[in-house]
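Q:
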Amino acid sequence: MSKVYIILVNYNGWEDTVECMESLFKLEYDNFEIVLVDNASPNSSVSKIISWSKGEILVFPKSDKLANLSQPAKQKPLIINQIKSSEETTLSSTPFDFTLIEALENKGFSSGNNIGIKYALRQKDADFFWILNNDTVVLPNSLALLVKRYRQDHNIGILGAKVKYYFEPEMLQCAGGATYNKWLAYSKQVGNQEVDKGQFDNSDVKLDLIIGACMLVDFNFITNIGLLSEEYFLYYEEQDWAERSKLNGLELGYEHNAVIYHKEGQSIGASQLDLRGISKLSDFYYARNKIILTKKYFSYLCRITVYLSFILIAINRIRRGQSDRIRMLLGILKNPNKGFEN
Numbered sequence: 000m001s002k003v004y005i006i007l008v009n010y011n012g013w014e015d016t017v018e019c020m021e022s023l024f025k026l027e028y029d030n031f032e033i034v035l036v037d038n039a040s041p042n043s044s045v046s047k048i049i050s051w052s053k054g055e056i057l058v059f060p061k062s063d064k065l066a067n068l069s070q071p072a073k074q075k076p077l078i079i080n081q082i083k084s085s086e087e088t089t090l091s092s093t094p095f096d097f098t099l100i101e102a103l104e105n106k107g108f109s110s111g112n113n114i115g116i117k118y119a120l121r122q123k124d125a126d127f128f129w130i131l132n133n134d135t136v137v138l139p140n141s142l143a144l145l146v147k148r149y150r151q152d153h154n155i156g157i158l159g160a161k162v163k164y165y166f167e168p169e170m171l172q173c174a175g176g177a178t179y180n181k182w183l184a185y186s187k188q189v190g191n192q193e194v195d196k197g198q199f200d201n202s203d204v205k206l207d208l209i210i211g212a213c214m215l216v217d218f219n220f221i222t223n224i225g226l227l228s229e230e231y232f233l234y235y236e237e238q239d240w241a242e243r244s245k246l247n248g249l250e251l252g253y254e255h256n257a258v259i260y261h262k263e264g265q266s267i268g269a270s271q272l273d274l275r276g277i278s279k280l281s282d283f284y285y286a287r288n289k290i291i292l293t294k295k296y297f298s299y300l301c302r303i304t305v306y307l308s309f310i311l312i313a314i315n316r317i318r319r320g321q322s323d324r325i326r327m328l329l330g331i332l333k334n335p336n337k338g339f340e341n
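For what it's worth, numbering that gives the first Met the number 0 labels the leading residue of the sequence shown as 0, then goes sequentially.
1) Quickly, what does DSSP pair Ser186 with across the bridge? List them, please.
2) Look at the alpha carbon of Thr98 and the alpha carbon of Phe166, and state the distance between them as a whole number of angstroms.
3) Which ranges would you report for the alpha helix (DSSP H) in the stretch 101-129 if only whole runs of at least 4 residues count?
4) Please state whether DSSP places Phe220 in a helix, a strand or coil.
5) Straight-line CA distance for Lys123 to Ile130?
6) Quick one, which of Gln81, Val189, Lys47 and Asp217 has its alpha-carbon nearest Gln151's?
7) Counting only the same chain and skipping the five closest in sequence on each side, list residues whose C-beta sits under 8 angstroms from that of Val34.
8) Count the other CB atoms, across all protein chains shown, that sit within 10 Å of the CB of Ala269; report buried if there are 16 or more and exposed otherwise.
9) In angstroms with no decimal places, state the Cα-to-Cα distance between Phe297 and Ala241.
10) Using a Cβ-Cβ cut-off of 7 angstroms (strictly less than) and excluding sequence neighbours within five positions of Arg148, which residues of its own chain qualify?
11) Is there at least one non-hydrogen atom of the ligand NAP closer than 7 angstroms to the beta-carbon of Leu144?
12) Please classify Ile317: is it buried, with 16 or more other beta-carbons within 10 angstroms of its beta-carbon, or exposed?
13) CB-CB under 8 angstroms to Leu138, same chain, minus the five flanking residues each way: which ones, in chain order?
14) Since Ala177 contacts Leu142 with CB under 8 angstroms, what's their CB separation in whole angstroms?
15) Of the choices Gly211, Val189, Ala212 and Glu193, whose alpha-carbon is the least far from that of Ser202?
16) In the structure shown, what three-state DSSP assignment does Gly330 receive?
17) Output needed for Glu193: all residues of its chain with C-beta closer than 6 angstroms, excluding positions within five of it in sequence on either side, in chain order.
18) Can you give me the Cβ contacts of Asp15 inside the same chain, cut-off strictly under 7 angstroms, excluding the 5 residues immediately before and after it?
19) Count the other CB atoms, across all protein chains shown, that sit within 10 Å of the CB of Met214; report buried if there are 16 or more and exposed otherwise.
20) With distances taken between CB atoms, is the gap from Leu307 to Leu183 smaller than 8 angstroms?
Below you can see the structure in the form of structure tokens.
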């Protein structure tokens, strides 16, 4: 049976992470290892996770509808393979329940996942890597279905699952991923906020990217395509991976029978275009990273895409009473490689 490394990244979300891991312990697939990377959380996440692993803290599901996916909890204490440095090599002969890596600093979503992937590569037994958001819970058969589908279709580079909203479990977040408008550098999740009636229960769904909350890739993909790009910090990483995959002749796959539940968009009702509640940091990276990605893969559209999208963003910010962000947007246009400054 193929060895799967499940990569989770935690940043200040230890309670969600713990619930996710409880659901992973119920997977019907037998040959997997959980690699949890804490991205230098400042809120004592590591100590909380360790206390939970000892049975000192009980964490309960945030939704009664999905409680069966993580309860009853796995018997404690758990054995942790704890690593302080991201570059340490550990080949422990002692069985453990999961690996906990403490990143030295938070360098973003891609960096955290890459730390976990590089750890798995050093073990020299990795066949697959399941990139999974820490604020998800999964159906017990999800991993087995994903691996089976990946093995059946040799043209797949990145494989996604059906992603549904945790707090509204009959509603889709997306069918695998999203389509991408390269003119506006804007992605639209397929099936977003639709009640799941089986309308996307087929493998012919057109996707331009697989959502970063759930991405399965294999060893050959990592060897040939490479790790996640760390230049984005937040957002557009999965689009970059998808573009590299397609440039190398690989397809994006979707397994509708594999289902995960995601806490993203907890209140549900705000569309992806409704950014009124978005933080300044998120606003910055959404705007900046569309320039970076467009220059890399659609340079012939860069001038049109950048100026058209930024005009629309500026108009929306003024309408929402966020005119103070116009200076930030102008700074991005002047130097898109500069990092966020609050």
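Just so you know, even glycine gets a beta-carbon here, dropped at the ideal spot from N, CA and C.
A: In brief:
1) The count along the sequence shown starts at 1 and reaches residue 186 at position 187. Beta-bridge pairing links Ser186 to Tyr179.
2) Counted from its first residue, the sequence shown places residue 98 at position 99. Counted from its first residue, the sequence shown places residue 166 at position 167. Cα to Cα, Thr98 sits roughly 29 angstroms from Phe166.
3) 108-121
4) As a working mapping, residue 220 is identified with position 221 in the sequence shown. The three-state secondary structure of Phe220, taken from DSSP, is helix.
5) Locating residue 123 in the sequence shown gives position 124, where the first residue counts as 1. Locating residue 130 in the sequence shown gives position 131, where the first residue counts as 1. Cα to Cα, the separation comes out at about 18 angstroms.
6) Within the sequence shown, numbered from 1, the residue matching residue 151 stands at position 152. With distances taken between Cα atoms, Gln151 lies closest to Asp217.
7) As a first step, residue 34 must be located in the sequence shown, where it is residue number 35. Listed in chain order, the non-local C-beta contacts of Val34 below 8 angstroms within the same chain comprise Tyr4, Ile5, Ile6, Leu7, Phe97, Thr98, Ile100, Gly115, Tyr118 and Ala119, local neighbours out to five positions each way being set aside.
8) As a position in the sequence shown, residue 269 is number 270, starting the count at 1. Low local confidence applies: a pLDDT of 38 at Ala269 is under 50, so the model's placement there is unreliable, with the coordinate-based value given in what follows. Here Ala269 is exposed, its C-beta having fewer than 16 other C-beta atoms within 10 Å.
9) Counting from 1 along the sequence shown, the entry for residue 297 is found at position 298. Counting from 1 along the sequence shown, the entry for residue 241 is found at position 242. Roughly 14 angstroms separates the two Cα atoms.
10) On the sequence shown, residue 148 is found 149 positions in, with the first residue counted as 1. Answer for Arg148: Leu158, Gly252 and Glu254, listed in chain order.
11) This structure does not include the ligand NAP; it has no bound ligands of any sort.
12) Residue mapping note: residue 317 aligns to position 318 of the sequence shown, counting from 1. Per the 10 Å Cβ criterion, exposed.
13) On the sequence shown, residue 138 is found 139 positions in, with the first residue counted as 1. Answer for Leu138: Leu68, Ala257, Val258 and Ile259, listed in chain order.
14) Working through the sequence shown from its first residue, we reach residue 177 at position 178. Working through the sequence shown from its first residue, we reach residue 142 at position 143. Not really, about 22 angstroms apart at Cβ, beyond 8 angstroms.
15) The residue labelled residue 202 in the question sits at position 203 within the sequence shown. Of Gly211, Val189, Ala212 and Glu193, the residue nearest in Cα terms is Val189.
16) For the purposes of this step, residue 330 is taken as residue 331 along the sequence shown, with counting starting at 1. In the structure shown, Gly330 sits in a helix (DSSP, three-state: H, G or I).
17) Reading the sequence shown from its first residue, position 194 is the one you call residue 193. Excluding residues within five positions, the ones whose Cβ falls inside 6 angstroms are Leu171.
18) In the sequence shown, the residue the question calls residue 15 occupies position 16. Closer than 7 angstroms at the Cβ level, and outside the excluded window around Asp15, lie Asn133, Asp134 and Lys262.
19) In the sequence shown, counting from the first residue as 1, residue 214 sits at position 215. Looking at its Cβ environment, which holds 16 or more other Cβ atoms inside 10 Å, Met214 is buried.
20) Mapped onto the sequence shown, residue 307 falls at position 308. Mapped onto the sequence shown, residue 183 falls at position 184. Yes; because the gap between Cβ atoms is below 8 angstroms, this pair is in contact.
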